[in-house]
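The sequence shown: position 150 = 154 (the working numbering), numbered continuously.
Glycine included, every Cβ here is placed at the ideal spot set by N, Cα and C.
On a predicted model such as this, the values are computed, not experimentally measured, just so you know.
Have a look at the structure below, then the notes.
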Amino acid sequence: MIIAIDGPTASGKGTVAAGVARHYGLKRLDTGALYRAVGLAVIDVGGNPSDEAAAVAAAKALDLTAIDETRIRSSAAGLAASKVASQPAVRAALLAAQRAFAADPAGAVLDGRDIGTVICPDADVKLFVTADLPVRTERRLNELRSRGEQISFEELQAQIAERDRRDTSRADAPLRQAEGAHLLDTTHLSIEGAVEAACRLIDAALARPGA
């Protein structure tokens with residue numbers, strides 16, 4: 005079983021994906037982490053994430069088992085991720101690894117921005133997770149401050165809005181709700197409530213004839 009979960013920054017898709025994976029006993033891949041890691045790798049060598057050659061080289065050298073989960077969650081890594089993710093050659097370099105992960109017969113949950121549209125268009129269940137911009141900003145702000153990173157609400161909201169614009173307007177694999185994807189708005193949901201709502205949608209989809 006493949007479950008594809010897409011959505012914008014801080015919508016809760018990663019939290020939902022982790023909860024869904026635990027609930028169904030499936031492995032999970034946060035594909036956004038791949039782009040964050042690539043962007044950070046470029047920055048680490050003094051490069052510019054907008055430099056396609058540097059970004060592609062970082063993508064081809066990426067070790068999925070050695071991603072620093074703490075460092076990639078910074079606001080700088082998030083901005084770098086949106087820049088490298090807009091480059092078709094970078095997306096192509098990471099495509100095979102993502103599809104190989106999804107192809108495991110044991111099943112998988114993948115979350116990102118193009119899972120239901122590009123990576124796994126034939127996924128058994130697709131979800132599109134969203135939330136209002138101010139709520140997403142507050143969530144990410146709390147996350148960053150918990151790690152000691154200081155940034156104002158206004159600056160962070162502008163960054164997230166810019167990333168939304170870049171993600172939805174890029175020519176290659178833009179962020180959008182995939183055909184057949186179930187919409188899950190987490191604006192007013194707790195973590196537990198969001199995971200429960202996602203599992204209800206998945207159970208209902210799997211119970212339909214032909215699922």
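Exercise. So who's on the other strand from G116, going by DSSP bridges?
Worked result: D10
Exercise. When you compare only the Cα positions, how much space is there between A127 and A8?
Worked result: Rounded to the nearest angstrom, the two C-alpha atoms are 6 Å apart.
For this session: Helix, strand or coil for V133, going by three-state DSSP, please let me know.
Result: strand
Problem set entry | Assigned secondary structure, H27 (DSSP; H/G/I helix, E/B strand, else coil) | helix
Exercise. To which residues of the same chain is A53 closer than 7 Å at the C-beta, ignoring the five residues directly before and after it?
Worked result: Inspection of the sequence shows that residue 53 is occupied by Pro rather than by Ala. Answer for P53: G43, V46, I47, A59, A84, K87, V88, listed in chain order.
Problem set entry | The beta strand (DSSP E) enclosing L99, as first and last residue numbers | Careful: L99 lies outside any beta strand (DSSP E), inside the alpha helix (DSSP H) at 92-106.
For this session: Can you tell me which of the three DSSP states L193 falls into?
Result: Coil at L193, not helix or strand.
Exercise. From G16, A57, G11, D10, pick the residue whose C-alpha is nearest to that of E196; which is it?
Worked result: The option with the nearest alpha carbon to E196 is G16.
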